[in-house]
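**Q** Quick one: structure below, then a few questions.
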C-alpha cells in the first residue's frame, strides 16, 4: 500500500496497489477526510507490528545447563518494550540490558526442571515470537556396565543381558577396530531400547566366540567386546526323532517315509537292524541322520521291525510299526463274495441230538432232517461286529447269528418225533 502526499484539503485520495495472479498491477483509490486519514495512519503505525505473523522458534536445554538467546538489540540504546504470555521454563527470565552493543532483550538463565514449555513473546518494533522450549535431564556418554558374559552348553537354554548407561540404543556386531564374530549358532540378540539388550536361545555348536556391541545416545558412542564360551553337551546322547508308529501303507501303492535320528556329537547313521525284515515290497536305504523306507507293499498286515542309529561308540535302537492296508480292489472283491449264499445239504441222520460244527470262512455243517442255509447277514444293529464277518445260518427255518474266525457249535435237539417241526422247537 502506498500513500500520496497529504494536502490540507478536506479530502485526500489513498491508493491501494497490488498484483494479481498474472502479475498485472491493479490500483484502487479511496477518498477520506483529512482528520480521518490521520487517525488511520496513527493506528496502522502503532498496532500493525503486533498484528504481524508470529515467528516460531524451538529451543532445548538440559537441566543444570545455562541458556542464553538475544531476541532484540537497539544500538541507539533506546528502551525495548516487550510482553510475555505463558510460562517460562523454571530458571529462565527475560533480561533487558545495555552494553557496548546497545540495548538488548535476552532470554537467559539456568534450567532447573525438565519438561515441555510454551510461551508467546511480543517485542515492540521487533515482532512476535511463539516459542516451544524443551528441558531434558542431562545425558552423559554411554558406558557399559556388563563386564563379561556367562558360558553356555550345547543343547541347553542360554540367557544373558548386556547393559550400558545413557539409555540409548545397543547394536550387535559393530566395532571400530578388529574383527568380531556373530553370536554362537542358536542364539539371538534383542535390543530393549533403554540401554539393555538380551541374548537368548539354545546353542547348537561348541566353540569360543567374540562378539561386539555399540551403545549410543545423543551424547556419544561407546564400544565393548565380550567372549562367549560354548562347551559340548554335559552328557552325550543319541536318539530317534521319529514316532514309533509310522504312517500306514496300502497294498499296491507307493510308500515312502524317513526314520530320523540325532545325537549330540553329529548326525548318526541310521539303518535296519541286522536280522530284521520290512513288509514285503519295502526296502531301507541307510543315510546319516535318517533312513529312507520306500517301495510298494505287496501284502496286507501289521509289521514290526527294529532300526539302529549309531555315531562313534554311541548307539540307539527303536522298534517301529507299519500297518499295510489291503488295496481297494481286494476290499471290493471280499464284499462281493460275501453277498452270495450257500446251500449246504448235509446228510440226514437220525438221533435225539446232533452237533453241527462250522469254521469260518470255510463252513461245514450237519443237521437233522433239513438243509442248512448260510447267507450274508442282513443290516442289523450289532455293536462291535464287522458286517463282513457276520452270516445268518438257517437250520430248518430257525436263525442263528454267527461271526468271527472261530468254530461254531450248534446243538440241535429234537423234541418231537416229526422231522418237520416248527423252527422254534428245533433250535435250543
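In our numbering, the protein residues as written are 2 to 429.
Ideal Cβ placement from N, Cα and C applies to all residues, glycine included.
1. Which of helix, strand or coil does DSSP assign to residue 266?
2. Three-state secondary structure (DSSP) at residue 40?
3. Taking only the alpha-carbon atoms, compute the straight-line gap between residue 232 and residue 205 and give it to the nearest angstrom.
4. On the DSSP letters alone, give me the boundaries of the beta strand (DSSP E) that residue 328 sits inside.
5. Using a Cβ-Cβ cutoff of less than 6 Å, which residues in the same chain neighbour residue 253 once the five nearest sequence positions on both sides are dropped?
6. Using the three-state DSSP reduction, which class does residue 471 fall into: helix, strand or coil?
7. Taking DSSP as the reference, what is the three-state secondary structure of residue 307?
8. Near residue 220, what residues of its chain come up, given a Cβ to Cβ distance below 7 Å and the 5 sequence neighbours on each side ignored?
9. Once DSSP output is grouped into helix, strand and coil, what is the label at residue 135?
10. Give the C-beta separation of residue 72 and residue 122 to the nearest angstrom, bearing in mind that I take them to be a contact with Cβ-Cβ under 8 Å.
11. I want to see whether chain C comes within less than 8 Å of residue 227, judged by CB atoms only; does it?
12. Please determine, among 114, 126, 75, the residue with the shortest C-alpha to C-alpha distance to residue 61.
13. Tell me the DSSP secondary structure of residue 435 in three-state form.
14. Flag this pair as touching only if the segment 270-287 and the segment 295-305 have three or more C-beta atom pairs under 8 Å; answer yes or no.
15. Since residue 296 sits in a beta bridge, which residues does DSSP pair it with?
16. Could you compute how far the alpha carbon of residue 120 sits from the alpha carbon of residue 217?
17. Is it buried or exposed for residue 229, if we count other Cβ within 10 angstroms and need 16 for buried?
18. Exposed or buried, residue 100, counting other C-beta atoms within 10 Å across all chains shown (16 or more means buried)?
19. Nearest-angstrom Cα distance between residue 292 and residue 186?
20. Just how far apart, CA to CA, sit residue 163 and residue 265?
21. What's the gap between the Cα of residue 92 and the Cα of residue 64?
22. Buried or exposed: residue 310, going by 16 or more other Cβ atoms within 10 Å of its Cβ?
**A** Let's see:
1. coil
2. helix
3. About 10 Å.
4. Segment: none, residue 328 is in no beta strand (DSSP E) and carries neither H nor E.
5. 328
6. No information on residue 471 is available, as it lies outside the stretch 2 to 429 that the chain covers here.
7. It is a strand residue.
8. The answer, listed in chain order, is 140, 141, 142, 167.
9. strand
10. Rounded to the nearest angstrom, the Cβ distance from residue 72 to residue 122 is 7 Å, consistent with a contact under 8 Å.
11. In the structure shown, chain C does not exist; there is a single protein chain.
12. Measuring C-alpha to C-alpha distances from residue 61 to each of 114, 126, 75 identifies 114 as the nearest.
13. Any question about residue 435 goes unanswered here, given that the chain covers just 2 to 429.
14. yes
15. 256, 283
16. Straight-line Cα distance between these residues: approximately 33 Å.
17. Looking at its Cβ environment, which holds 16 or more other Cβ atoms inside 10 Å, residue 229 is buried.
18. exposed
19. Distance between the alpha carbons of residue 292 and residue 186 is about 26 Å.
20. 29 Å
21. 10 Å
22. With a threshold of 16 other beta carbon atoms within 10 Å, residue 310 meets it and is buried.
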